[in-house]
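In terms of my numbering, the sequence shown opens at residue 7 and continues consecutively.
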Amino acid sequence: MEQLHQALSSKSEAFIEKENKYGAHNYHPLPVVLEKGEGVYVWDVDGKKYYDFLSAYSAVNQGHCHPKIVGAMVKQAQTLTLTSRAFYNDQLGPYEEFVTEYFGFDKVLPMNTGAEAVETALKICRKWAYEVKGIPENQAQIIVCENNFHGRTTTIISFSNDENARKSFGPFTAGFIKIPYDDIEALENALKSTNNIAGFLVEPIQGEAGVYVPADGYLAKAKALCEQYNALFIADEVQTGIARTGKLLAVHHENVQPDILILGKAISGGVYPVSAVLANNAVMNVIKPGQHGSTFGGNPVAAAVAIAALEVVRDENLSQNAAYLGVVLRTGLNEIASRNPLITLVRGKGLLNAIVINCDENSDLAWDICMKFSEYGLLAKPTHGNKIRLAPPLVITETQIHECLGIIERALNDFR
Ligand SMILES: *Cc1c(COP(=O)(O)O)cnc(C)c1O
Numbered sequence: 007m008e009q010l011h012q013a014l015s016s017k018s019e020a021f022i023e024k025e026n027k028y029g030a031h032n033y034h035p036l037p038v039v040l041e042k043g044e045g046v047y048v049w050d051v052d053g054k055k056y057y058d059f060l061s062a063y064s065a066v067n068q069g070h071c072h073p074k075i076v077g078a079m080v081k082q083a084q085t086l087t088l089t090s091r092a093f094y095n096d097q098l099g100p101y102e103e104f105v106t107e108y109f110g111f112d113k114v115l116p117m118n119t120g121a122e123a124v125e126t127a128l129k130i131c132r133k134w135a136y137e138v139k140g141i142p143e144n145q146a147q148i149i150v151c152e153n154n155f156h157g158r159t160t161t162i163i164s165f166s167n168d169e170n171a172r173k174s175f176g177p178f179t180a181g182f183i184k185i186p187y188d189d190i191e192a193l194e195n196a197l198k199s200t201n202n203i204a205g206f207l208v209e210p211i212q213g214e215a216g217v218y219v220p221a222d223g224y225l226a227k228a229k230a231l232c233e234q235y236n237a238l239f240i241a242d243e244v245q246t247g248i249a250r251t252g253k254l255l256a257v258h259h260e261n262v263q264p265d266i267l268i269l270g271k272a273i274s275g276g277v278y279p280v281s282a283v284l285a286n287n288a289v290m291n292v293i294k295p296g297q298h299g300s301t302f303g304g305n306p307v308a309a310a311v312a313i314a315a316l317e318v319v320r321d322e323n324l325s326q327n328a329a330y331l332g333v334v335l336r337t338g339l340n341e342i343a344s345r346n347p348l349i350t351l352v353r354g355k356g357l358l359n360a361i362v363i364n365c366d367e368n369s370d371l372a373w374d375i376c377m378k379f380s381e382y383g384l385l386a387k388p389t390h391g392n393k394i395r396l397a398p399p400l401v402i403t404e405t406q407i408h409e410c411l412g413i414i415e416r417a418l419n420d421f422r
């Protein structure tokens, strides 16, 4: 770390020192200071160019600074930015019509960040449980999965099992039952354990946990069980959604339509905080005026940006590109793994992938490998110690994927 740190320019060093001195230390960034992005590339303050293989945790699926999305933002920002929901505006209605048709739901509730959208979904689910399903007040339980990541609010970390995310933040919100991920039997047991189950909240692929892809059929079976036990199937597609896994939604791989869909990140192409909760009337209509809201949720800039970002996904065939290039990437990574025992496993779907490094979760090796990637011009970050997520913007080309595979292999070879 010390040695690698010395390679930093004094310019980078100065920016890092400012963040260290004046910013809360709630992140541990790779020591790279970025100042510009375009498509699949970002540049640091010394002009060095990198492939971005994180895509801001899949927020930048459309590529950095996509001109159509930025154009929509600038145009709307110069016209009307914020009205609050105390009044109507001329952007929100058209956006709501667009996004509900796009994803096939009756209604949307607009928010800003992923965590807020998850909170919103949990509140809607509980309200539905009491007012439609008839669960006695304060008795509703929502089933969640072990090793989940749904954001950082007090309620959301209440059902996390990441000690780092929870420690010293209690007391926690009650009303959650945790079961193992990708375990259909555990889900059925939980569903029949009480009559008070309101819903099942699940990531179709666990991104933060290390891109854990469940067995084929898991999501479809889980949805069927939820229907059988009259519980809402809530898909958190904040990371997996919007073409990342090779379909518009990851649940589409199993032809599942969730009862509640949670979106964030790429719904704005990474240019503005936008999130959304979608559901049909039977569920969404439980929310009445005054019962939930957000000053910025559904603001005109967010609405204009989200339409543009979703149009880019459709017009540039990003789902198809992610599906095709995901296979190219995993094939290449598996070839590298066959030559280099440092990679013990390659997994993923579409362009949401991870390599598991041959070391334990507390080792620095994956971090050091990411430092090497960075030296050779590719940015990625370890998640849960020994897993490196590889998730470039979906506008990447096949030639670029091959170039990146070359970088990855060259960096890994330095550790043999
Ligand atoms: C990133 C993420 C969130 C939280 O989104 P924020 O915008 O950071 O609040 C929630 N769920 C999943 C699956 C995520 O990947």
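Just so it is clear, CB atoms sit at the ideal spot from N, CA and C, and this is done for glycine as well.
Counterpart residues of residue i in DSSP-defined beta bridges
| i | result |
| --- | --- |
| residue 58 | 385 |
| residue 395 | 360 |
| residue 147 | 203 |
| residue 116 | 282 |
| residue 208 | 241 |
| residue 47 | 44, 57 |
| residue 355 | 358 |
Cβ pair residue i, residue j closer than 9 angstroms
| i | j | result |
| --- | --- | --- |
| residue 104 | residue 285 | no |
| residue 496 | residue 211 | The shown model of the chain, from 7 to 422, leaves out residue 496, and the question about it has no answer. |
| residue 109 | residue 269 | yes |
| residue 88 | residue 301 | yes |
| residue 276 | residue 61 | yes |
| residue 332 | residue 252 | yes |
| residue 121 | residue 159 | yes |
| residue 389 | residue 360 | yes |
| residue 51 | residue 69 | no |
| residue 232 | residue 189 | no |
| residue 78 | residue 311 | yes |
| residue 349 | residue 334 | no |
| residue 280 | residue 400 | no |
Residue i CB to nearest heavy atom of ligand 1 below 8 angstroms
| i | result |
| --- | --- |
| residue 63 | yes |
| residue 175 | no |
| residue 423 | This structure cannot speak to residue 423, because the chain is shown only from 7 to 422. |
| residue 318 | no |
| residue 166 | no |
| residue 271 | yes |
| residue 182 | no |
| residue 399 | no |
| residue 295 | no |
| residue 77 | no |
| residue 244 | yes |
| residue 158 | yes |
| residue 268 | yes |
Segment contact, 8 angstroms Cβ cut-off, at least three pairs: the region 83-99 with the region 304-311: The region 83-99 and the region 304-311 touch, with no fewer than 3 CB-CB distances between them shorter than 8 angstroms.
Meets three-Cβ-pair contact criterion under 8 angstroms: the region 235-244 and the region 22-31: In short, these stretches do not touch, since the Cβ pair count stays below three.
Touch test, the region 212-219 against the region 147-161, Cβ-Cβ under 8 angstroms, three pairs minimum: Under the Cβ criterion (8 angstroms, minimum of three pairs), the region 212-219 counts as touching the region 147-161.
Length at least 3, wholly inside the region 248-309: the beta strand (DSSP E) runs in chain order: For the region 248-309, whole beta strand (DSSP E) runs of length 3 or above, ordered along the chain, are 266-269, 281-285.
Three or more C-beta pairs below 8 angstroms linking the region 359-378 and the region 392-408: Contact annotation: the region 359-378 touches the region 392-408, with at least three C-beta pairs closer than 8 angstroms.
Alpha helix (DSSP H) runs contained entirely in the region 66-107, provided each spans 4 or more residues: Counting only runs of 4 or more, we get 73-83.
Segment contact flag, the region 112-131 with the region 341-350, C-beta cutoff 8 angstroms, min 3 pairs: Counting Cβ pairs under 8 angstroms, fewer than three are found: no touch.
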